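Residue numbers (our numbering): 1010 to 1192.
Think of the CB as a built atom: it goes at the ideal place given N, C-alpha and C, for glycine as much as any other residue.
The structure displayed is predicted, hence computed values, not measured ones.
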């Protein structure tokens, strides 16, 4: 139902599952394991997997902290997008990669819930994509010392409000990894 013409395919966006980003994340190991399962299912369904990595002064390209966690491995030929902003579309070739694959729906997993995940799901939706957030395959660190809710509440709130996102000609949805339909 995307508003993008002739874009009937789905892609999986794996956002910022990098060593330094998720090292202190809420339920890191379980979340990464669910992401790995979604990646394998996407590959099995011939759904393009797009790996997005934050690159900045803290996450220097090529450094250990910048690297994707060892439990996940991009396959040969899978797109890799380097970004400097929260929204994975902002000043990156992501839209071109998705257009090349005729993608009109994105499925989003990764980190951090209250930053790059939120920015990217909103960025995708306003650009006309149907946007699915996998409820148990995104995470964030504990920023409660700076006034944020605990990470489990940040994740729950993001899942709650995204299920009510709407706009003409597009679908926003929240689905658990076990219930995710990729095609």
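Between which two residues does the alpha helix (DSSP H) holding residue 1144 run?
Here residue 1144 belongs to no alpha helix (DSSP H); instead the beta strand (DSSP E) covers 1139 to 1148.
DSSP state of residue 1091, grouped into three classes?
strand
At 4 residues or longer, what runs of the alpha helix (DSSP H) sit wholly inside the stretch 1082 to 1137?
1103 to 1109 and 1127 to 1135
Is residue 1141 near residue 1184, with beta carbons less than 8 Å apart?
Yes, the Cβ-Cβ distance between residue 1141 and residue 1184 is below 8 Å.
Since residue 1186 and residue 1124 are thought to touch, with beta carbons under 8 Å apart, how far apart are those beta carbons, to the nearest angstrom?
No, residue 1186 and residue 1124 are not in contact; Cβ-Cβ is about 21 Å, not under 8 Å.
For residue 1163, tell me which candidate among 1035, 1020 and 1100 has the shortest Cα-Cα distance.
The option with the nearest alpha carbon to residue 1163 is 1035.
Measure how close the beta-carbons of residue 1025 and residue 1120 come, nearest whole angstrom, since I'm counting them as under 8 Å.
5 Å
Using the three-state DSSP reduction, which class does residue 1052 fall into: helix, strand or coil?
Helix at residue 1052.
How would you write the range of the beta strand (DSSP E) that residue 1022 sits in, first residue to last?
1018 to 1024
Since residue 1058 and residue 1087 should fall inside the 8 Å C-beta cutoff, what is the C-beta to C-beta distance between them, to a whole number of angstroms?
5 Å
Thinking C-beta only, is residue 1174 closer than 8 Å to residue 1134?
yes
On the DSSP bridge list, what partners appear for residue 1077?
1027
Check the DSSP bridge columns for residue 1176 and list the partner residues they point to.
1179
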